[in-house]
Amino acid sequence: MMISRVAHSIALAGLFVLGCASLEACQKKAAHSSVQAEPQTVTLVPVEVRDVDRYVEVTGTLYGEEEVTIAAEVPGRVVAIHADLGDAVASGTPLAQIDRTDYELAVQERRAAWLASLAKLGLTEFPSGEVDLATLPSVARAEAEASNARARLERARQLHERTPPLISDQDYADIQTQYDVAFTGTAVERLSAQSLLAEARVQASGLRIAEQRLADTTAAAPRERQLTYRVAARRVSVGEVVAEGQPLFRLVASDRVKFRGLAPERYTGQVLVGARVMLFTESSPEPFVAQVARVSPAVDIATRSFEVEVEAENRDSRMKPGGFVRARIVVGSKAGARFVPASAVVQFAGVQRVFSVKDGKAVEHRVTLGAADNGRREVLDGLPDVGSVVDQPRAMTAGTPVVVP
């Protein structure tokens with residue numbers, strides 16, 4: 000029994016010695032293998048720390064501050080064109096001329112009819128303001144005759160009432176009749192004068208209409224606002240007979256432009272009037288700075304989005320109305336955001352990683368990245384406070400020996 004226990008102890012001791020020898024050999028082999036691994040030469044790039052804006056990106060279309068189609072207000076033959084494609088025209092500038100001949104004749108005809116109406120009233124020009132009928136010659140004459148008849152009647156009444164009467168009943172009756180006729184004539188002249196005044200007003204209105212149609216033979220840029228327009232399209236030629244309402248020119252006022260786009264519903268509380276906006280166009284590598292001018296108070300049911308209008312200065316005409324535009328609307332900011340070059344990011348199986356260096360070895364960081372910004376990616380999470388990361392890591396894993404030149 001004792002011999003058996005001794006043998007067992009000797010066997011365990013032998014196994015322990017053998018195990019220690021084997022472990023020591025493995026450690027030596029691992030150490031030898033580590034010494035033999037070739038370190039990678041890497042380049043470190045700094046982690047950039049800066050404030051960054053948070054924005055909503057919206058696509059849409061540019062419009063001019065004002066866009067208007069100039070149409071023919073009267074029919075006729077075009078005899079002159081004063082502006083062409085691309086020309087700058089101020090408010091009220093003539094664009095085209097329609098033949099005036101027929102319209103000038105119409106003005107002359109209406110003016111002659113108006114003057115004839117005034118002549119019936121004994122006037123050479125229409126009085127301003129309310130017309131006192133008593134000042135009209137025909138009414139004044141009738142009232143003078145009535146006044147004279149009234150005076151004659153009063154004298155005849157006095158003579159007829161004497162005893163004995165100095166005039167007969169028949170003479171008194173005749174004078175009474177003359178007064179009644181004169182009095183009635185005054186009323187008739189007043190009614191006639193009112194009728195002639197109404198006729199003169201109608202003729203004056205007809206004259207003004209004819210004069211307006213004569214003026215409308217000149218197609219011009221809108222006068223309502225003092226803007227500089229540019230001719231976006233010319234749709235008429237000299238010699239062409241145009242109809243009333245036919246489009247002649249399309250004008251765009253583009254010293255200021257408007258961008259309109261649809262923002263997703265989830266940003267309704269973030270996109271505000273006055274927010275700073277960067278406009279990106281296909282024609283310019285540099286963005287244009289603008290501001291949100293208007294925000295729709297309602298969300299479109301079909302698209303679940305709301306309209307945003309942005310206004311921007313465009314004095315150099317680099318932004319063309321009708322163009323496609325991407326707008327970045329600033330909705331907030333973040334201080335101390337960290338960015339790494341896009342070349343420092345390795346992505347495999349949906350996992351994004353960057354590497355830093357510590358004690359001559361690569362340290363792996365699994366990160367969550369934000370949007371790209373000028374060749375850099377914002378690191379939202381997963382990167383500790385390190386000042387630099389490995390640029391273009393190739394076949395790198397955690398613990399890889401590295402050398403920084």
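According to numbering that gives the first Met the number 0, the residues represented by the sequence shown are 0 to 404, in order. Every residue, glycine too, gets a C-beta built ideally from N, C-alpha and C.
When secondary structure is reduced to three states using DSSP, residue 362 falls in the strand class. Around residue 99, the same chain offers 213 and 216 as residues with beta carbons nearer than 7 Å, after the five sequence neighbours per side are excluded. In the DSSP assignment, residue 65 is bridged to 252. The beta strand (DSSP E) runs of length 3 or more contained entirely in the segment 217 to 295 are, from start to end of the chain, 217 to 219, 227 to 233, 246 to 263, 275 to 280 and 287 to 294.
For the segment 141 to 223, the continuous beta strand (DSSP E) assignments of 3+ residues that do not extend past its boundaries occur at 217 to 219, in sequence order. Taking the C-beta atoms as reference points, residue 307 is found no nearer than 8 Å to residue 370. When the Cα atoms are used, residue 380 and residue 48 turn out to be separated by approximately 14 Å.
In the three-state reduction of the DSSP assignment, residue 391 falls in the coil class, being assigned neither a helical nor a strand state.
Segment contact: the segment 64 to 78 against the segment 240 to 247, three or more CB-CB distances shorter than 8 Å; contact assigned. Within the same chain, and ignoring the five residues on either side of residue 391 in sequence, the residues whose Cβ sits closer than 6 Å to its Cβ are 342. Note that the segment 139 to 147 touches the segment 174 to 184; at least 3 beta-carbon pairs, one per stretch, sit closer than 8 Å. Scanning its chain for C-beta atoms nearer than 7 Å, with the 5 sequence neighbours on each side dropped, one finds around residue 116 the residues 195, 198, 199 and 202, in chain order. DSSP places residue 357 within a strand segment (E or B) once states are collapsed to three. Residue nearest to residue 241 within the set 97, 166, 386 and 151 is 97 (criterion: CA-CA distance).
As computed with DSSP, residue 302 is found in no beta bridge at all.
Segment contact: the segment 252 to 260 against the segment 293 to 307, three or more CB-CB distances shorter than 8 Å; contact assigned. Rounded to the nearest angstrom, the Cβ distance from residue 235 to residue 77 is 6 Å, consistent with a contact under 8 Å.
Ranked by Cα distance from residue 292, the options 270, 205 and 373 are led by 270. For residue 101, the enclosing alpha helix (DSSP H) starts and ends at 100 to 120. The residues 77, 79, 80, 81, 218, 235 and 247, in chain order, have a CB closer than 7 Å to that of residue 95 in the same chain once the five nearest residues on each side in sequence are set aside. If you draw a 10 Å sphere on the C-beta of residue 59, you find 16 or more other C-beta atoms in it, and that means buried. Excluding the 5 residues flanking it on each side, residue 227 has same chain C-beta neighbours closer than 7 Å at 87, 89, 252 and 254, in chain order.
Pairing residue 207 with residue 107, the inter-Cα distance amounts to about 11 Å.
When only Cα atoms are considered, residue 300 and residue 266 end up about 15 Å apart. Assigned with DSSP and collapsed to three states, residue 332 falls in strand. For residue 399, the CB contacts under 7 Å within the same chain, skipping 5 residues up- and downstream, are 39, 360 and 361 in chain order. Judged by DSSP in its simplified three-state form, residue 136 adopts helix.
Residue pairing from DSSP leaves residue 374 without any beta-bridge partner. By the neighbour-count criterion, in which 16 or more other beta carbons inside 10 Å mark a residue as buried, residue 338 falls on the buried side. The DSSP-derived three-state label of residue 341 is helix.
For residue 94, the uninterrupted beta strand (DSSP E) segment begins and ends at 93 to 97.
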